[in-house]
Structures are given as structure tokens and as C-alpha cells.
Amino acid sequence: MAQFGRTTEKPGINWERAFDLYVNAIACDNELLWVQATTKLAKLSKHAPEDLLARTIPVLVELLRRIPSTDLSPSIQEAAAHCLKCVACRGEGRLAVLIGESGAIPSLLSLLLHADGSLRRVLLKCLRNSVTFAAHNREIVVRHGGLEIILNLLNISSDDLKRYLLEILSALALLREVRRTILISRGVCFLVEAARRGSMVSRCRAAQAIGKATLVDSGTFSVLLELLQVGDTSTKVVAANALGVVSSHVDYIRPLANAGAIPLYADLLQGTDPMGKEIAEDVFCILAVVEENGVAIVEHLVRILRGDSAEAKAAAADVLWDLAGYKHLPSVVRNSGAIPILVQLLEDQNIDVREKVSGAITQLSYNEADRAALANSGAIPRLVDMLQDESEEMRDNAAEALVNFSEDPSLGDRISDVLNSPSFQNMQERLTQIRASDAYLAASLRHMNTEPLTMDPAALI
Numbered sequence: 001m002a003q004f005g006r007t008t009e010k011p012g013i014n015w016e017r018a019f020d021l022y023v024n025a026i027a028c029d030n031e032l033l034w035v036q037a038t039t040k041l042a043k044l045s046k047h048a049p050e051d052l053l054a055r056t057i058p059v060l061v062e063l064l065r066r067i068p069s070t071d072l073s074p075s076i077q078e079a080a081a082h083c084l085k086c087v088a089c090r091g092e093g094r095l096a097v098l099i100g101e102s103g104a105i106p107s108l109l110s111l112l113l114h115a116d117g118s119l120r121r122v123l124l125k126c127l128r129n130s131v132t133f134a135a136h137n138r139e140i141v142v143r144h145g146g147l148e149i150i151l152n153l154l155n156i157s158s159d160d161l162k163r164y165l166l167e168i169l170s171a172l173a174l175l176r177e178v179r180r181t182i183l184i185s186r187g188v189c190f191l192v193e194a195a196r197r198g199s200m201v202s203r204c205r206a207a208q209a210i211g212k213a214t215l216v217d218s219g220t221f222s223v224l225l226e227l228l229q230v231g232d233t234s235t236k237v238v239a240a241n242a243l244g245v246v247s248s249h250v251d252y253i254r255p256l257a258n259a260g261a262i263p264l265y266a267d268l269l270q271g272t273d274p275m276g277k278e279i280a281e282d283v284f285c286i287l288a289v290v291e292e293n294g295v296a297i298v299e300h301l302v303r304i305l306r307g308d309s310a311e312a313k314a315a316a317a318d319v320l321w322d323l324a325g326y327k328h329l330p331s332v333v334r335n336s337g338a339i340p341i342l343v344q345l346l347e348d349q350n351i352d353v354r355e356k357v358s359g360a361i362t363q364l365s366y367n368e369a370d371r372a373a374l375a376n377s378g379a380i381p382r383l384v385d386m387l388q389d390e391s392e393e394m395r396d397n398a399a400e401a402l403v404n405f406s407e408d409p410s411l412g413d414r415i416s417d418v419l420n421s422p423s424f425q426n427m428q429e430r431l432t433q434i435r436a437s438d439a440y441l442a443a444s445l446r447h448m449n450t451e452p453l454t455m456d457p458a459a460l461i
């Protein structure tokens, strides 16, 4: 929006004089002169100072309301709407706000009800810019029945006008009440179409609205996945987040994965956007509740761990850290070949990679078969060395894993050298306390569940 806000004044123009000439032209009783002067103003609007354009808005709105007395083409209403469309793009939204406050939007909507041809096109463009550059204008449109008008026009308009209608709808759909109306009126198909067509900014808005409304049964998978493929960085993040909202519903976990979401989220995990990485991590943790999804996800994570990007490797290890605790995926990580790679990455140059990898290994060390695989891959000596690491998190992770190894009858003798280490002993004591606390909590919950069955009913009176 910033490029519209820059003033690129033409040298040699006396803008105050130009404004006076325009006002004088409008004061004349000559409709042709009104159209010519307003058309000229529209052409100069990208160069004119913002404060001067602000003063033209009331004049243009008044022209918008005048009933043409001749068959001029364009009519004065069309010329005024075109000029307002140009002005709305300027001033980083400030002029669009003034257009909304001037009462232009009810007039635009009123004209739209009966307009056709080039006038309808110009009115739609003006309305689109008004709601794109000023959020408050969306509320004004809805308050004056604009949503119903747009939905009705979408049902009857040709394809060449549909783009403008869809871009208006995507802006309005950022309002909760609009999304509710769209659901009730069965206009969801238009919102999905808005995410597929139009400018990338508009498609991004539609994806955001779809995610908030979780409109899963209306073809949203394909359109959001398309945006996740072809969108720019910010659009991909919005589409990924919208799909993430969808994935949180248990009925849609399998369909989303079957639609091809997993490779696209893997790409996002390797991207540069921190929010995109975070969303991908969260969605992977949701999708992995289905075992077959977990297998596919881990395969992508292993591929990323073999790559060169430290940030991507840290993100992949972080996901594995979570997945290693899923009880329904007991052998998936082990069978994927991830364990030898994780052990090697304990010596990576990047501290974030080492911390996330050490966390994943610690979680894996709670499983007997994974402990054996870790030991066979050379994890124990590396974990012992990590007890001296500068990072407290890595020291704690190493100590926790080694405590688990020490309690394994087949592996305990391999860590006898660290039994007297302060880090090891502190972690051992901490884990003992945690386990005792967990056991006490579990017993208390069992007692609470059975207590109502034995309680004296009279005590409740």
C-alpha cells in the first residue's frame, strides 16, 4: 500500500489554482464540463497532493448523487466513481477512510442496484478500492446491505465482472458477521472461488476467512493447497494457517493428508519464514495422530535432517522430539533411519540444532528398542560429553537420557563412568521426584473418580 501513499507531484502545476479551476467548472451548469474536469482530475490524482485530494472528495460524492440529464458517456456518475476509485488508492488508506466518512458508499451501493455496462464496472472498482484500503469501510458496506447486493450480483454477473465482486467479498469476509451470513446463505462457494481468483492480496484475505470459518466441505482443501504452492511467502503462511485450523478437526486429518498437504508443509518447514515453520511444526503434530501420516511426515523430516539448512534441521528435530512421544508411533522414527542421523547431529556446529536433537534423543530414550538403537549408533559417549556442555538445556537433556540408559539392565554398565557426575545425579533425583509426583497425582485422580460412588447421599443435602 505504501507505493500509493508517495506523492509524485508533477513539476510546474499550481495545485491550488488547479483545485479552484475544478471547483469553478463544477459550479457551472454544464454537465459535459463536469465530466471533462472530473476525468482530468482522475488522471492527475496520482500526482496531486493528498490534502488537495481530500478536499475534492465531498465534491465527487455530490456528483455521484446527481441524476444525469443527458446521455453522455461516460456519465457524470461514472466519471465521479472512477475518480473516487483513483483517490482511494492514495494516502495509505487515509483517503479511503475519508471516502467512507463522506457518505459515498451508500451512494455507490444504490447506483449498483440499477447500473449495468461500464458504469457497473467502475462502481465495483471504486467499491473494491474503498474496502481494500480502509477496513472501516467494510462495516459501512455491510451496514447498508452491501453484502446481499454483492452475493446477488455474483449469481448473475459475467466472468469479466466477477473478479471485482470476489475481491470485494474477500475483504468483507474478514468480518465475523459476514462469514456467518455467507454460511447461512450458502455463499461459501464464492468465498472459495475468491481464494482461487483475483489478486494475491485478495486470495490471501479469502484464505484467511476460510480458515476462520473452517469451511471444509466446500472445496477448501484444493484452493488452500494451491495457495500453499503458488502464493508468495505471506500468502503461503495464511493458507497454511487456514489448513491448520481445518486439520484440528479430527474428521479432516486423513482427507487433508490425502489431498497432498504433507509435502507442502515440509517445504514450509524448510522455508525462511519463522511463523511458517511454527505452523508447519504444529500441523505435523496434528496430522501425525494418524499412523500412516506419521510415517510420511517422518520420511520428510529425515530428508530435511540430511540437508544443509541449520534452521530447517532444527525445526525437523523439534517435530521429531514431539513425535517420539506418540505412543502409537513406537517404531516409526526408528525404522525411518532417523536415529543414526540424530546421533551424528549431536556434534553439529549449530547450537539450536544440537539442542533440538538432544531433546529428540532424550524422548526416544524412554523406549527400550529406541535406546538400543541409540546405543548402537554411538549416542552414549556423545551424551556423556554433553554433560560438560555450556548449554544448560543440553546438559539436562543428556543427563535425562543417560538416566534412562542407566535403568536399562542391558545398557546400564555402559554409563558407569558418569554415575558420580553432579549433572547426572541431579537429574536422577529430579526424575525420581517427578515420577513420585505423577504417581501421587494418578492415585488422587482415581480416588476422586471413585469417591462419589461411596459418598453418603445425605452429605449432599
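The opening position of the sequence shown corresponds to residue 1 in the UniProt record's numbering, with each subsequent residue numbered one higher. Ideal Cβ positions, reconstructed from N, Cα and C, are used throughout, including at glycine.
- Counting every other CB atom within 10 Å of its CB across the protein chains shown gives Y164 a total of 16 or more, marking it as buried.
- Per DSSP, D308 lies in no alpha helix (DSSP H) and is assigned neither H nor E.
- DSSP places R90 in the coil class of the three-state scheme, outside both helix and strand.
- D29 carries a coil assignment under DSSP once its states are collapsed to helix, strand and coil.
- Around the C-beta of G260, fewer than 16 other C-beta atoms lie within 10 Å, and the residue is accordingly described as exposed.
- Shown here for T235: same chain residues with a beta carbon closer than 8 angstroms to its own, the five before and five after excluded, namely M200, R203, C204, A207 and L227 in chain order.
- Per DSSP, T272 lies in no alpha helix (DSSP H) segment and is marked neither H nor E.
- Assignment of G100 by DSSP, reduced to helix, strand and coil, places it in the helix class.
- The beta carbons of L64 and A48 sit no closer together than 8 angstroms.
- P330 sits in coil when the DSSP states are folded into three classes, being neither helix nor strand.
- Relative to I351, the option among L52, A310 and V245 whose CA is nearest is A310.
- The segment 66 to 78 makes no contact with the segment 86 to 101: fewer than 3 CB pairs, one atom from each, lie closer than 8 angstroms.
- According to the DSSP assignment, Q388 belongs to no alpha helix (DSSP H), since it is labelled neither H nor E.
- Taking C-alpha positions only, V238 is separated from A88 by approximately 26 angstroms.
- Annotation: the continuous alpha helix (DSSP H) that includes V141 extends over A135 to R143.
- Straight through space, the alpha carbons of E292 and W321 are spaced by roughly 18 angstroms.
- Around V35, the same chain offers L72, P74, I76 and A79 as residues with beta carbons nearer than 7 angstroms, after the five sequence neighbours per side are excluded.
- The alpha-carbon separation between M386 and E393 amounts to approximately 10 angstroms.
- The straight-line gap separating the alpha-carbon atoms of N397 and A209 is approximately 41 angstroms.
- When the Cα atoms are used, R303 and V192 turn out to be separated by approximately 33 angstroms.
- Contact between G100 and A134 is confirmed by a C-beta separation of about 6 angstroms, below the 8 angstroms threshold.
- For the segment 154 to 218, the full-length alpha helix (DSSP H) segments reaching 4 residues or more read 159 to 172, 176 to 184, 188 to 196 and 200 to 213 along the chain.
- Membership of S234 in the alpha helix (DSSP H) is indicated by the continuous run T233 to S247.
- Between the C-alpha atoms of A266 and A240 there is a straight-line separation of about 11 angstroms.
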